[in-house]
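**Student:** To start, I am sharing the structure in question, which I have written as structure tokens.
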Amino acid sequence: PIDMPKRPLSAYNLFFKARREAIMLAAEGVGFANLARTIATEWKILDAQERVPYETIAAVDKERY
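Per full-length UniProt numbering, the sequence shown runs over residues 1 to 65.
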């Protein structure tokens with residue numbers, strides 16, 4: 001249905017969106033597979049403290065949904 005709200009984004013999806021722009025500007029022509037691999041690696045090495053902003057926004061978005 002048209003009036004359904006958009007699904008909430010996960011903390012990883014929010015991180016992906018934030019990092020995608022920076023990586024695309026820094027490395028023109030990078031393919032999606034390499035981009036996704038790079039961002040996934042960055043996400044895995046983030047400690048819990050660095051993930052908090054993304055997890056907080058994701059929780060708020062989940063409540064909205």
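Here a beta-carbon is modelled for each residue, glycine too, at the ideal position from N, C-alpha and C. Since the structure is predicted, the reported quantities are computational estimates derived from the model, not experimental observations.
(1) Taking the C-alpha atoms as reference points, what is the distance between T56 and E28?
(2) In three-state terms, what does DSSP make of M4?
(3) Are A11 and R51 closer than 9 Å when you measure CB to CB?
(4) Return the residue from the list K17, A26, K62 that minimises the CA-CA distance to A40.
(5) Are F15 and Y54 closer than 9 Å when you measure CB to CB?
**Tutor:** A quick look at the data gives this:
(1) On the sequence shown, residue 56 is found 56 positions in, with the first residue counted as 1. On the sequence shown, residue 28 is found 28 positions in, with the first residue counted as 1. T56 and E28: Cα-Cα distance of roughly 31 Å.
(2) Residue 4 sits at position 4 when you count from the first residue of the sequence shown. Coil, per DSSP.
(3) Here residue 11 refers to the residue found at position 11 when the sequence shown is read from its first residue. Here residue 51 refers to the residue found at position 51 when the sequence shown is read from its first residue. Contact flag set, yes.
(4) In the sequence shown, counting from the first residue as 1, residue 40 sits at position 40. It is K17.
(5) What you label residue 15 is simply residue 15 of the sequence shown in a count that begins at 1. What you label residue 54 is simply residue 54 of the sequence shown in a count that begins at 1. Yes, these two residues count as a Cβ contact at 9 Å.
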